[in-house]
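**Q** Have a look at this one.
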């Protein structure tokens, strides 16, 4: 039975596989800081070439896309979307081991990007290794699309996919994400919210001023920013942009049914993050599950102005800025939000607040009962101890709408993440055990794609 | 005529004097960062001892006070209040030469603290040098009180002065400040506003969270901070603390008369700081002069939360903080403001916002027609090209109320600052020409104190 041999191959090559993943994670590739991007793209290209893929590093205007293609036995084509860029590692002082020095502790591998998404990418390669070793060929055609700007809103991906529809086309797309939930159940995450990420900037003078001189008479950039932000969302969490909620499509009955089957997250979140409670006083598992993903957000991700060191400095800041992300639900678009934001700020007297567009994309979802989702669920059956949970929409974002719009493909998941992975935060990690399971699951997805 | 000899001594020792000042400025002494404090106190003590002062470095619980005393010919005692601490030098990238490497360019000496207030302190020493060289003794008793926490609200000065009233007592106090205005006229600044400096801190979770996961359902520290700040002051600059404006004493008719004699600052501020206009639409010189110093303020001096680097990071911050200074006018007190602030935050649902008291003191003023002020004005007559402007109240703060409360002394000014000095900002500097004038002015103050 070939699956048993494939599993044994994965198990017996485990140390080599983790070593290869560690090399990939040791390469910084922070798109926001333009750090190590070209070098990491080359590592990805080399890894695909080593598996017999025909590889191109394709310029996009930003980070290049690494495209790799290898024909298989069957006619179906599986597209694998991954990204080689990672979130900034800051704040560095909160890491127990340096973010770009991958370290194994207590059965987990720690490194920036190991969960999001280098580990998932790598687990797919290692599944392919096993199949090639045991079967001699892939069961289906496989195309890798590995971009380098996912963490900054995939700012160049849409024109790239639009202009390369024939090159990239296929039948099913396995997305960059893949994880078990906090109870250990594998998941299929078939919908992602959209995002619109902006920086709001205010400048009120050509330089900072002594706060004694200017406090009563000079405009203050920090106050301007606070008032502008305050105008965006009230204390009851209502986002105040005109028309913001108009295009929103509520969850379907089937989606609500699936959300109702998900585990109760209330106690888990309270304990894990030390929360006293949830926004809007939510205290019901289904209400929390719906609110978490079927409502759009306006989140301040960062604030900066004036003096931020120890103790006091009596300065009146000339500059202030905020990072703000809007998570979008169907059918909101980033373009709508940018227009609403500008109009809102102008109407409220904040013409002086500049909006810097840092990227975005609409949300998108796959039918949770699509045959491709069923295939991914089936592939997990004998790998994990528990049945797969199909999650119709998650809180996070990604450019899956681009793949759905231009390639018309359903989206499925595979990977090595779990609820301790701390993606986007210090001490990001994956479980070594789940890494092996992720390899085995993806190997089964590939085998089943032979008959798709 | 001894004044001519004293002036010539000051002129002929100018390079040596600037070298000594530069050594003092090369010593970092940032109270907010506890950086170089002890070493700078020792430099100050050494400088006073070199002039025959009996010196004590007196512990206070924070930075020590350097006290130096030397008897003179007359009975009157002049108290000289200075501070050896300086503001933090950040942001470092905006300095044209390093803040602790004093550098002369175009007739100015650049260094952190050179204007506020090491240059003034030093000019007083160099006036004393000239008098001692030419006269053999001081015309009056002189006591130096040089503290090391002025830039962090003189947090330990009040108990120190209270407990040492006999040691510190005298007839007149020359304050740390001293400058010509932007038209070159010398000034006597006889009133200072009070200050209450706080840090507001919010923590909503035990760590930052992915903004996709938490945006709709988790409390966000940055939003909590923005809303709390917004509740403190409205967009029309009304400070909303209950009772905040109750104890305020408006300017007297004499103070308004003096303010009316000050130069029109509207165009100067517009051009110098690149301002489009002033708060509350003020467009009248007297209205601006009154508003600038006879109204209390609530100034955001700094904001910090979450991701502040290049580009985007999709994080929901668990912590946020703001530095806020309130400038107080008679008869407000920092204790009142702290109590009002806590009550206000609690009433508005911000029990979660912690207030860290970073120090403060009430304001205080000297009668602008006091004989000591007349003495200081007379001392300036043949030093500067223009008559002195008596400024009844300035926007800045300092612990002069402590000296008035415990020692009952009038406050006068002398020094080397000007409107290009950029105190508290990058590229702080003094004019070398005004430094020499500052020495000569203080020498005359001392000589006149012989007959006080």
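Chains as they are written, first to last, in the numbering used here: chain D, 1 to 452; chain W, 453 to 904. Idealized CB from N, CA, C, for every residue including glycine.
(1) For a quick check, are the C-beta atoms of residue 455(D) and residue 399(D) less than 7 Å apart?
(2) Between the region 350-378 of chain D and chain A, which residues of the former have CB atoms less than 8 Å from a CB of the latter, in chain order?
(3) Who are the neighbours of residue 755(W) on chain D, taking C-beta pairs under 7 Å?
(4) With a 10 Å radius around its C-beta and 16 neighbouring C-beta atoms as the bar for buried, classify residue 249(D) as buried or exposed.
(5) Just to confirm the assignment: which complete beta strand (DSSP E) runs, minimum length 3, are found wholly within the region 216-254 of chain D?
(6) Cα separation between residue 120(D) and residue 414(D)?
(7) Less than 7 Å between the C-beta atoms of residue 467(D) and residue 158(D), yes or no?
(8) Can you confirm whether residue 197(D), when its beta carbon is compared against all beta carbons of chain W, has any partner nearer than 7 Å?
(9) What are the complete beta strand (DSSP E) segments, minimum 3 residues, inside the region 398-426 of chain D?
(10) Should residue 329(D) and residue 300(D) be called a contact, given that it needs their Cβ atoms to be closer than 7 Å?
(11) Start and end of the beta strand (DSSP E) containing residue 593(W)?
(12) Are residue 663(W) and residue 291(D) closer than 7 Å when you measure CB to CB?
(13) How is the beta strand (DSSP E) around residue 83(D) delimited, first residue to last?
(14) Can you pull out the residues from the region 868-886 of chain W whose beta carbon lies closer than 7 Å to at least one beta carbon of chain D?
(15) Can you tell me where the alpha helix (DSSP H) with residue 44(D) in it begins and where it stops?
(16) I need the straight-line Cα distance from residue 580(W) to residue 810(W), nearest angstrom please.
(17) With 7 Å as the threshold, decide whether the Cβ of residue 715(W) is near any Cβ in chain D.
(18) What does the alpha-carbon distance come out to for the pair residue 549(W) and residue 560(W)?
(19) Can you name, in chain order, every residue of its own chain whose Cβ lies under 6 Å from the Cβ of residue 799(W), other than the five neighbours on each side?
(20) So that I know if they touch, is there some Cβ in chain W lying closer than 7 Å to that of residue 389(D)?
(21) Taking one C-beta from the region 524-532 of chain W and one from the region 617-626 of chain W each time, how about it: are there three or more such pairs within less than 8 Å?
(22) Could you check whether the region 840-849 of chain W touches the region 706-721 of chain W, counting it as contact only if at least three pairs of C-beta atoms, one from each stretch, sit closer than 8 Å?
(23) Using the C-alpha atoms, what's the distance from residue 422(D) back to residue 446(D)?
(24) Under 8 Å: do the region 586-602 of chain W and the region 640-655 of chain W share three or more Cβ pairs, one atom per stretch?
(25) Taking 7 Å as the CB-CB limit, is residue 88(D) close to chain W?
(26) Please list, in chain order, the chain W residues whose beta carbon lies closer than 9 Å to that of residue 400(D).
(27) Which residue comes first and which comes last in the beta strand (DSSP E) that contains residue 325(D)?
(28) By Cβ distance, which residues of its chain are closer than 7 Å to residue 91(D), with the 5 residues on each side in sequence left out?
(29) At what residues does the beta strand (DSSP E) containing residue 189(D) begin and finish?
(30) Between residue 278(D) and chain W, is any beta-carbon pair separated by less than 7 Å?
(31) Which residues in chain D have a C-beta closer than 8 Å to the C-beta of residue 775(W)? List them in chain order.
(32) Return the residues of the region 199-212 of chain D that lie within a Cβ-Cβ distance of less than 7 Å from chain W, sorted by chain order.
(33) Please decide whether residue 725(W) counts as near chain D, where near means a Cβ-Cβ distance under 7 Å.
(34) Just how far apart, CA to CA, sit residue 557(W) and residue 583(W)?
(35) In this structure, how does DSSP classify residue 608(W) when only helix, strand and coil are distinguished?
(36) Can you tell me the Cα-Cα spacing of residue 114(D) and residue 429(D), whole angstroms?
**A** In short, the structure shows the following:
(1) An answer regarding residue 455(D) cannot be provided, because it is not within the stretch 1 to 452 covered by chain D.
(2) Of the protein chains in the structure, D and W, none is chain A.
(3) 222, 303, 304, 305, 306 and 320
(4) exposed
(5) none
(6) 7 Å
(7) Because chain D is modelled from 1 through 452, residue 467(D) falls outside the range shown and cannot be assessed.
(8) yes
(9) none
(10) no
(11) 593-599
(12) no
(13) 77-83
(14) 875, 876 and 877
(15) 37-50
(16) 35 Å
(17) no
(18) 12 Å
(19) none
(20) no
(21) yes
(22) yes
(23) 28 Å
(24) no
(25) yes
(26) The contacting residues do not exist; residue 400(D) stays about 13 Å from chain W at best.
(27) 319-328
(28) 426
(29) 187-189
(30) yes
(31) 306, 307, 308, 312 and 313
(32) 205, 206, 207, 208, 209, 210, 211 and 212
(33) yes
(34) 29 Å
(35) coil
(36) 6 Å
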